[in-house]
Structures are given as C-alpha cells and as structure tokens.
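Residue numbers (the working numbering), protein chains in the order written: chain A, 1 to 113; chain B, 1001 to 1114.
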C-alpha cells in the first residue's frame, strides 16, 4: 500500500506542450522528493522541497510543495522527448535517524516528437 | 565516483527455486536500502541497514526473504523459495545516513519467476 497517489498514471503529449503531475496524500511529510526513472535504471533525484508552499524551478520543471506538506505538483513547460520517463514523488518521514521514503504510484510520461 | 552496483541485472528462475541478489554501495555510504518495485509502480522499502545492523526490516516477508550485510559494505538479498508474485525489480540504494542525506539507487535486478 502506497501512501502517495499520483495522477495521471499515464500521460502522452506532443513535444512543446505543457503538463502537470499531481502527488497527493493524507499524510504529512517532513519533505517531498521528485525522481525520474529511465527504463532499466534506478530512480534519480530531481529535487527536494522542504517548506510548505515552497516552489523550486529546475530549468523547465517547476515543483511545488503544498502548504500543509501533504501534496505536491510537478509542472513541465514545453516538454521535450528527453523528458520521457517514469516520474515518482516520494514523501520523506524521518525516524530512527534516517530518511524513510514513501514513493508514489508513479506517472509514466511519453513526449512524442 | 562509481555508483551503486547490483548483480545480476536480470534473473529468470522457476517457482520454488532460490535466488540471491548482490549490492555494492557507493564507497563510504554506511546506510543501505533494499526496495521492491513492481511494474509501473513506485519502489517499496524492504529493509534498511546502518552498517551491519538491520534497523528497519518491518516490510521484509521473513518467511521467504532474508538479507545480510556482514561487513557493513556489500549486501545480499535472498528469496527461498521464490513465488510467481515475487517477479519484480529489486533495487538497492545507499546513502551517507542522517535525516538530510540523499539516497542513490542502483540499476536494479529484474526477477522473473516462471
């Protein structure tokens, strides 16, 4: 059972379009991370948001953490084929002295040239 | 700097057979994680090690799964006997530890149980 639900589960768009991926939970997290995973590889960290309401930008990607620290969104502007991949959000809870990650259900993005 | 190394990358076995996965974390990383990732889903934690000690194994199905990290570096995850539902990707990750660190993932081992 995964604490975080992502939507949409699948997204196929044309190059140049904008998109938003949502990550929702009823749990509060100390921070939230977004990863991208390519086929045959492990997830790679894109960003960590820590403060409720925080917005971070990474080139064409904008990440926002909800005010209550229960949800997050990822917005991609002018999507490129290189953005294709599985996007995973992960809520972070700290116990026993380490980050414990609770991954979302994933959003598989395909950007068509 | 070398990343997290896992082997084998792919494994196909028949049900009821044993199987083992190996992980070599990034040098100097004391914390090691094993995750299970079903197709199209996010990873789920199986076990976390701090050096040689398994500090969180609450999600490890102990009737058939076992793990060890004898010298606090490499780790192995074993399934005996494997079941059809064990088909998944098994990911290893490592970090320096502490509440603000970053986990680095290996490429995973894709297990298919026939």
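For glycine and all other residues, C-beta sits at the position ideal for the given N, C-alpha and C. A quick note: this is a predicted structure, and the numbers were derived from the prediction, not measured.
Tell me where the beta strand (DSSP E) around residue i begins and ends.
i: residue 1078 of chain B; result: 1075-1079
i: residue 1054 of chain B; result: 1053-1056
i: residue 1024 of chain B; result: 1019-1024
i: residue 85 of chain A; result: 85-95
i: residue 1011 of chain B; result: 1010-1013
i: residue 98 of chain A; result: 98-103
i: residue 1109 of chain B; result: 1109-1113
i: residue 1050 of chain B; result: 1044-1050
i: residue 1069 of chain B; result: Unbroken run through residue 1069 of chain B: none, as it is neither H nor E.
Determine which residues share a DSSP beta bridge with residue i and list them.
i: residue 41 of chain A; result: The partner list for residue 41 of chain A (beta bridge, DSSP) is empty, contrary to what the question assumes.
i: residue 1062 of chain B; result: Paired residue(s): none; residue 1062 of chain B is not in a bridge.
i: residue 6 of chain A; result: A:23
Where residue i and residue j are concerned, what is the direct C-alpha to C-alpha distance, given to the nearest angstrom?
i: residue 1060 of chain B; j: residue 39 of chain A; result: 25 Å
i: residue 1038 of chain B; j: residue 46 of chain A; result: 21 Å
i: residue 1047 of chain B; j: residue 1057 of chain B; result: 4 Å
i: residue 80 of chain A; j: residue 1093 of chain B; result: 29 Å
Are the C-beta of residue i and some C-beta of chain A separated by less than 8 Å?
i: residue 1044 of chain B; result: yes
i: residue 958 of chain B; result: Because chain B in this structure spans residues 1001 to 1114, residue 958 of chain B falls outside the shown range and cannot be described.
i: residue 1059 of chain B; result: no
i: residue 1048 of chain B; result: yes
i: residue 1073 of chain B; result: no
i: residue 1028 of chain B; result: no
Against chain B, with Cβ distances strictly below 8 Å, would residue i count as a contact?
i: residue 54 of chain A; result: no
i: residue 5 of chain A; result: no
i: residue 114 of chain A; result: Chain A is shown from 1 up to 113; residue 114 of chain A falls before or after that span and cannot be answered.
Within the region 18-87 of chain A, note down every full beta strand (DSSP E) run reaching 3 residues or more, in order along the chain.
Complete beta strand (DSSP E) runs here, min 3: 19-24, 31-37, 44-49, 55-58, 61-65, 71-76.
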